[in-house]
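Report on the structure given below.
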Amino acid sequence: MPEITINDITFEVPEGTNLIQAARKVGIDIPHFCYHPGLSVVGSCRMCQVELEQGDRKWIDLACSNSARDGLIVRTNTPEIKERVKATLEFLLMNHPTDCPICDDAGECKLQNYYMLHGLYDNRLTVDKWHKPKLHPVGPTVVLDSERCVLCSRCVRFCDEIWGERQLGIFGHGSNEVLINYPDKDLNNPYAGNVVDLCPVGALLDRDFRHKRRVWYLKSAQSICPQCSRGCNIYVHFDEDHDYKGEGRRVQRIKPRVNMAVNRWWICDRGRYGYHFIDAEERATDPMVNGEAVDWDMALARATELIKSKIKKPGPNSVAFLMAPIASNEDAYRALKLFRDTLKFANIGYDIPVSETLEKDQVLMTDDPYPNRRGFKDLGFGSVVNPFEAGEIVDEIKAGKIKGLVVSGTDLEGLVGENVEALTSKLEWLIVVSHDQNRLWQKATVALPMATYVEREGTFTNIKGTVQKFEKAIEPIGQAMPQWEIWQNLAKRFNTRWLYEDTKAVYDAMAQGKPEYETLNWQGTFGITHGMYPDNW
Amino acid sequence: MPEYKLVSKNYEFPDQRLLKAALYRGGYEQWKRVIKEKTSPQAIIDEVKTAKLRGQGGAGFPAGVKWGFVPKDSPKPKYLCVNADEGEPGTFKDRTILEKDPHLLLEGIAIACYAVGIHTAFIYMRGEFYEPQAIVQQAIDDAKKEGLLGKNILGSGFDLDVIIHMGAGAYICGEETALLNSLEGLKGWPRLKPPFPAVIGAFACPTVVNNVETISCVPHIMRMGGEAFQQVGTEKDGGTKLFAVSGFVEKPGVYEMPLGTSLKELIYDVCGGVKDGKQLKGVIPGGSSSPILKPDEIDVPLEFEAMAEAGTMLGSGAVIVLDETVSIPQIFMVMSRFYAHESCGQCTPCREGCTWIYKISEKILAGDGKPEDLDTILSLAPMMNGTTVCPLGAAMAIPVMAMVEKYRDDFLALMKN
Ligand SMILES: Cc1cc2nc3c(=O)[nH]c(=O)nc-3n(C[C@H](O)[C@H](O)[C@H](O)COP(=O)(O)O)c2cc1C
Ligand code: SF4
Ligand code: SF4
Ligand code: FES
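Order-wise, the sequence lines are chains E and C.
Position in the first sequence (from 1) plus 5 gives the number in my numbering.
Position in the second sequence (from 1) plus 4 gives the number in my numbering.
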């Protein structure tokens, strides 16, 4: 491996490593705007100039367009380099509106940060600044402030290179050049939100997050997107302490977390903006019995009675359990222990059709909106257990053979369509576990509120079989509880042998002797991190 | 030194643009000889190297060396792009070739393409060149009919297509890589180099980019032999160069001089000196991108190295003569406005720097300048030189610094308060 030296630190990097990336490995940030590891190199912002030395040659060049080769010496701190970096910043800030107090990017903005690190000059601008469009809606989810744009073209390249359709462009020339929509195009691709992450300044902003929080108040948890089976790695950014406009939302935004094997630097807009259910009005907060809010004890007692009333007579064929694979592996594992091993339900199904399949594309999105179908399959749902298809279970209910039904995580729309009545009218009782008050919730004999993925920890197995952990960010709403705990508490009423102290204990039991789970290091790098998200290039 | 006419030899004949007339005066003879004698391509490249022919578009890169960079074993097609964008303020020499002797250019194109193994040549022409376009297109059509271009040229099996591509009027598209992007239908933004066009050029294929005049010298090199051509000029700069002289001179126009001729001789002996016997204020010797010379600095040989030593550039050979009535701050403003407008806007120092300096220059002209403004200019400009994607930033910065440094008093005179 070639050995290179950056500012007197000598180390080995693979041949061809980009110099900005190489420098990061030893904790040196070479300032840059246009460079992004996921996009082509254009070398236009000129921020990354460094001194290079090889053999008896010494010259100044861009770090972003050079890669590591043996014996290369890189310096970022010579007087000449410092002068150039400072000058480039001064040029970039020349026409900048410096409206930082009302800019969402403040705190995450490269211009701000670099000014404090490399600028610190006195303003000597004596001529007028350009004025350009502000608050321009480039697309349904993103808004543009042209005056803040540093014309790095990252957003343009994202649309061209990652999504594959030109939706943005830089028009005009000289310093009255503007970034704007490509003629007759909207920034409406299903990954559009990524341009907000890419934008090194506050020019492209998420409408969803705009003026909601100062970013330094955000806390961050490492998580997995539950919106499709890709399992993109994300950060959940939350804050419960600074509610400016009384909207009462705890989760403020979702940001991609780099995982080169899964989602690289990106996430789709469905994942990015699909978190509002967490603090929505429809959240289920209290256990219910026949439509009345009760405490857990009463609800579980009633559920126990109902199950007992059928399990002996007429017997296990008269009851069914349907579980949607939005639940974690731990939930599924604990549920199987209860319904398969303890209660010996004859009908267990998980392969519940969805009401709408997603439009699978070339970037990340799969056609399966469930995050953990693969995990359920790996755990033996539907194969070891009575290989009942969910659809057959519904037929059995309609035929009057199944009298009691336990459903978790779905309103069964994909199975029975709009008409739930046809199903529920055939049942003697219905037990529902859900995070929201869905239409089954309204009909349930017993309804039990569960925590969402940000209110607890757990693992999902993605479409490729990779087991990935998500952290807890916030407390469950109301009386809601992680699903596996609901099953365990219910199981206690049937004298279960399997009692787990916490999620990790469930995971360990599940992982024992199974290499596909053991690869995941539960401790890992996890832990709540504060402030800016570290994958921001 | 009197004029020495090679490229402009037949300018005096109004019918020279017609194929018949061109043939009558020896046009395409070298091309026919190359075909007939099956001259080896390498021999042509060597001849051009010996001739010390340097790029006449401004940068002065040795043409033969550039041709030699094109990979010989590439499986991809190769292209020639003739740079006929001629956008540098003050420059109007290529236009004369296009209009007065288009067949000389076409013969040069044919020989160059044969030498490098190229079968498609583009002439990238400045958007406003309507007449030259019509004339050159007619010449191409005629030469094709005569079998001098097109398929199986003169029965040799060698094919060559020549295609005119009209630009859309941006100065930056004269820069070779912006030209290539524009040719490909992309925005005329210069590309990051390396890779150089000789390796990855038009449509990601090896491409030679040469100025109109450079290519037009090739038939003369083949006729005279490389050594004789070189000896017309100087040791490192072979042959002649067209100078487009404008401004306050008695006889403005395009003059072909041996390289190495003194600038002073060109202005005073060939062009009749400053108009109406006025005092000379300064000379911009190589197009707007070259630093201005004061009257006592103009006795320099017109040659790439010597001009560089004198702190300026031979550039495109556009000599702009300024007399005592000219306001340097005004020239400064007009020039910086041009660059601010023509900067492609891709890279930071040029995009913002050109405008900043232009706005300061306007302020000074309006009488609102302060001496510190000159310091600001002198500290901004070096940060635009050598820090950008293409040389446009430098082309603005270097002449700007020269004007402020050499004519500081003229600027201060406008700062009454
Ligand atoms: C801003 C800019 C504008 C240029 N304009 C022209 C032009 O109009 N014509 C030209 O021949 N070369 C122009 N050049 C030089 C070309 O980049 C290139 O060096 C030249 O075409 C190469 O041909 P040559 O080696 O035969 O001179 C320009 C360069 C720059 C940086
Ligand atoms: S909007 Fe942002 S990402 Fe796009 S060019 Fe401007 S600064 Fe770059
Ligand atoms: S130097 Fe100027 S013209 Fe050249 S690439 Fe940069 S911005 Fe464009
Ligand atoms: S990061 Fe290298 S030029 Fe922009």
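All C-beta atoms, glycine included, are put in the ideal place defined by N, C-alpha and C.
For residue i, which residues of its own chain have a beta-carbon under 8 Å away from its beta-carbon, when the five flanking residues on both sides are left out?
i, result
"K420(C)", "G371"
"H247(E)", "R218, R219 and Y222"
"V182(E)", "The amino acid occupying residue 182(E) in the given sequence is Glu; Val does not appear at that position. Counting only Cβ-Cβ distances below 8 Å, and skipping sequence neighbours, we find L156, I175 and F176."
"E328(C)", "K282, Q283, L284 and K285"
"P392(E)", "No answer about P392(E) holds up, because its pLDDT of 48 lies below 50 and its placement is not dependable."
"D244(E)", "R218, Y222, L223, K224, R255 and Q257"
Give a single yes or no on whether residue i has its beta carbon closer than 8 Å to a heavy atom of ligand 3.
i, result
"S347(C)", "yes"
"Q350(C)", "yes"
"P376(E)", "no"
"R355(C)", "yes"
"E150(C)", "no"
Ligand 1 and residue i: does any heavy atom of the ligand fall closer than 8 Å to the residue's C-beta?
i, result
"C394(C)", "yes"
"I176(C)", "yes"
"G64(C)", "yes"
"E92(C)", "yes"
"G95(C)", "Looking at the sequence provided, one finds Thr at residue 95(C) rather than Gly. Yes; taking the cut-off as 8 Å, the Cβ of T95(C) has a heavy atom of ligand 1 nearer than that."
Excluding the five sequence neighbours on either side, which residues of its own chain have a C-beta within less than 6 Å of the C-beta of residue i, listed in chain order?
i, result
"G64(C)", "R58 and F308"
"R355(C)", "S347 and G349"
"F326(E)", "F344, F350, I353 and V411"
"G205(C)", "L184 and T211"
"Y411(C)", "I332"
"K367(C)", "G373"
Count the other CB atoms within 10 Å of the CB of residue i; is the residue buried (16 or more) or exposed (fewer)?
i, result
"F475(E)", "buried"
"H136(E)", "exposed"
"M388(C)", "buried"
"T15(E)", "exposed"
"Y118(C)", "buried"
"V390(E)", "Reliability fails at V390(E), whose pLDDT of 46 lies under 50, so the model's placement of it is uncertain and the value that follows must be treated cautiously. Answer is buried; the Cβ neighbour count reaches 16."
"N443(E)", "buried"
"T83(E)", "exposed"
"A208(C)", "exposed"
"N424(E)", "exposed"
"S44(C)", "exposed"
"D145(C)", "exposed"
Report whether the distance from the Cβ of residue i to the nearest heavy atom of ligand 6 is below 8 Å.
i, result
"Y83(C)", "Annotation note on ligand 6: not contained in the displayed structure, which lists ligand 1, ligand 2, ligand 3 and ligand 4 as its ligands."
Residues in the same chain with beta-carbon distance under 7 Å from residue i, minus the five sequence neighbours each way, listed in chain order, please.
i, result
"P75(C)", "V203 and P210"
"R262(E)", "Q227, N238, I239, Y240 and D540"
"H41(E)", "R159, L203 and W542"
"G171(C)", "D89, Y128, M129, R130, G131, C177 and S186"
"I225(C)", "E51, V52, A55, L57 and F233"
Heavy atom of ligand 4 less than 8 Å from the Cβ of residue i, yes or no?
i, result
"A68(E)", "yes"
"G205(C)", "no"
"F163(E)", "no"
"G48(E)", "yes"
"M328(E)", "no"
"M52(E)", "yes"
Hey, would you say the C-beta of residue i is under 8 Å away from at least one heavy atom of ligand 2?
i, result
"R153(E)", "yes"
"P142(E)", "no"
"P36(E)", "no"
"R159(E)", "yes"
* What residues from the stretch 59-91 of chain E come within 7 Å of chain C, judged by C-beta to C-beta, listed N to C? -> S70 and R89
* Determine which residues of the stretch 18-32 of chain C have a Cβ less than 9 Å from any Cβ of chain D, and write them out in chain order. => Annotation note: the requested chain D is absent from the structure, which comprises protein chains E and C.
* Within the stretch 74-121 of chain C, ranges of the beta strand (DSSP E) (whole runs, at least 3 residues) -> 83-88
* To do: Give, in chain order, every residue of the stretch 177-201 of chain E whose Cβ lies closer than 9 Å to some Cβ of chain C.
  => G177, H178, G179, S180, N181 and E182
* Asked: When you check each C-beta in the stretch 326-356 of chain C against every C-beta of chain E, which residues fall closer than 8 Å?
  -> A344, H345, E346, S347, C348, G349, Q350, C351, T352, P353, R355 and E356
* Asked: Whole beta strand (DSSP E) runs in the stretch 161-222 of chain C with 3 or more residues, listed along the chain?
  -> 165-170 and 211-215
* **Length-filtered (3 minimum) beta strand (DSSP E) runs lying within the stretch 362-389 of chain C** => none
* Ordered list of beta strand (DSSP E) runs contained in the stretch 300-372 of chain E, each at least 3 residues -> 324-328 and 352-354
* To do: Mind listing, in chain order, the continuous beta strand (DSSP E) runs of no fewer than 3 residues lying wholly within the stretch 100-177 of chain E?
  => 147-149 and 173-176
* Jot down the residue ranges of each uninterrupted beta strand (DSSP E) in the stretch 28-104 of chain E, minimum 3 residues, whole runs only, in chain order. => 54-59, 62-67 and 78-80
* Asked: Along the stretch 185-198 of chain C, what residues have a CB closer than 7 Å to any CB found in chain E?
  -> L196
* To do: Could you tell me which uninterrupted alpha helix (DSSP H) segments, each at least 4 residues in length, are contained entirely in the stretch 426-483 of chain E, listed from first to last along the chain?
  => 426-429 and 444-448
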